[in-house]
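In the working numbering, the protein residues as written are 24 to 284. Even for Gly, the Cβ is constructed at its ideal location relative to N, Cα and C. As structure tokens, the structure follows; a few thoughts come after it.
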């Protein structure tokens with residue numbers, strides 16, 4: 024949509040607007056107010072020369088000619104967009120439905136829109152009927168696939184296949200992790216400079232920290248105070264990637280399930 028048409032659409036809503044109100048509405052498009060001001064002045068000068076707007080002091084009014092112009096522009100674009108989308112209907116179902124709702128509502132109010140659409144549309148009611156039938160067939164297929172996927176999901180669980188879950192890295196989670204890892208060494212890997220300084224250097228080997236069981240409580244307290252640092256915790260069968268206050272766990276399904284419980 025051109026900038027001039029955007030201005031006409033704003034004016035069409037209320038019939039008129041103060042210049043400063045128009046300026047505030049279009050300013051977010053521009054880097055600074057001066058650019059927005061210059062662009063609005065050029066647009067209004069152009070629209071005024073075409074007879075689409077009138078100015079009375081600081082107030083801008085849309086004329087009947089301007090109202091007709093934007094109505095024609097919008098109705099033509101609506102039909103053209105539907106013509107384009109209907110070529111690949113299944114891929115564009117949502118937008119087609121939205122535009123058809125707009126079209127049928129406006130067509131009830133505007134005979135000109137209806138006549139224009141009849142003359143320029145490349146689709147018919149039969150196309151819409153075929154689309155509905157395709158949706159119903161796709162729904163039957165997707166319901167069947169959903170059932171089969173559910174069965175395979177359960178079988179993968181039974182096979183103890185790889186799984187993943189995401190939780191908040193908070194005190195509640197850290198307590199569970201501490202209890203889950205009793206009698207296990209943990210390995211922490213990080214390139215985060217803040218965390219590298221705060222974790223005890225005695226456990227460090229390059230970017231890796233190997234923590235024995237008796238030191239874990241202290242280490243977990245440090246990690247809990249730095250949840251927005253990036254680091255990875257390794258345990259047998261499980262990997263914990265912590266970033267921005269969340270922890271993503273990957274590993275064997277039953278190992279994650281035992282941690283959750």
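Taking 8 Å as the cut-off, decide whether the C-beta atoms of residue 120 and residue 101 are in contact.
-> Contact: no.
Leaving out five residues before and five after residue 39 in sequence, what residues of the same chain have Cβ atoms less than 8 Å from its Cβ?
-> Answer for residue 39: 82, 83, 84 and 85, listed in chain order.
Cβ-Cβ separation, residue 109 to residue 157 (assumed contact under 8 Å), whole Å | 12 Å between Cβ atoms; not a contact.
Would you kindly check if the distance between the Cβ of residue 276 and the Cβ of residue 190 is under 8 Å?
-> no
Using DSSP bridges, identify the partner residues of residue 87.
-> Per the DSSP secondary-structure output, residue 87 pairs with nothing in a beta bridge.
When the distance is taken between beta carbons, is residue 93 closer than 8 Å to residue 292?
-> Missing from the structure shown is residue 292; the chain here goes from 24 to 284 and no further.
Bridge partners - residue 244, DSSP secondary structure assignment = BP columns for residue 244 are empty, so no partner.
Work out the CA separation of residue 132 and residue 76 for me, nearest whole Å.
-> 24 Å
Taking DSSP as the reference, what is the three-state secondary structure of residue 224?
-> The DSSP-derived three-state label of residue 224 is helix.
Apart from the five residues on each side of it in sequence, which residues of its chain come closer than 8 Å, Cβ to Cβ, to residue 208?
-> Within the same chain, residue 208 has close Cβ partners 233, 234, 235 and 236.
Might you give, ordered along the chain, the residues of its own chain that have their beta carbon closer than 8 Å to the beta carbon of residue 239, omitting 5 neighbours on each side?
-> 201, 204 and 209
So, is residue 105 buried or exposed, given that buried needs 16 or more other C-beta atoms within 10 angstroms?
-> buried
Could you tell me the boundaries of the beta strand (DSSP E) in which residue 195 lies?
-> Element bounds for residue 195: not the beta strand (DSSP E) but the alpha helix (DSSP H), 194-203.
By Cβ distance below 7 Å, which residues in the same chain neighbour residue 192 in space, the five residues on each side in sequence not counted?
-> 250, 265, 268, 269 and 270
From 180, 194 and 246, residue whose alpha carbon lies closest to that of residue 279 = 180
I think residue 72 touches residue 26, with their Cβ atoms under 8 Å apart; what is that distance to the nearest whole Å?
-> The C-beta distance from residue 72 to residue 26 rounds to 15 Å, too long to meet the 8 Å contact threshold.
How long is the line joining the alpha carbons of residue 166 and residue 146, rounded to whole angstroms?
-> 29 Å
Cβ neighbour criterion (16 or more within 10 Å) applied to residue 56 | A residue is called buried once 16 or more other Cβ atoms fall within 10 Å of its Cβ, and residue 56, having fewer, is exposed.
Helix, strand or coil: which one does DSSP assign to residue 123?
-> helix
Whole-Å CB distance - residue 261 paired with residue 272, under 8 Å assumed | 6 Å
Shortest alpha-carbon distance to residue 263 belongs to which of 195, 187 and 29?
-> 187
Assigned secondary structure, residue 274 (DSSP; H/G/I helix, E/B strand, else coil) | strand
Return the CA-CA distance between residue 281 and residue 206, expressed in angstroms with no decimal places.
-> 16 Å
8 Å CB neighbourhood of residue 88 in its chain, flanking five on each side removed = 73, 74 and 75
Straight-line gap, residue 46 to residue 214 (C-alpha atoms, nearest Å) = The alpha-carbon atoms of residue 46 and residue 214 are separated by roughly 48 Å.
How is residue 269 classed by DSSP in three states: helix, strand or coil?
-> strand
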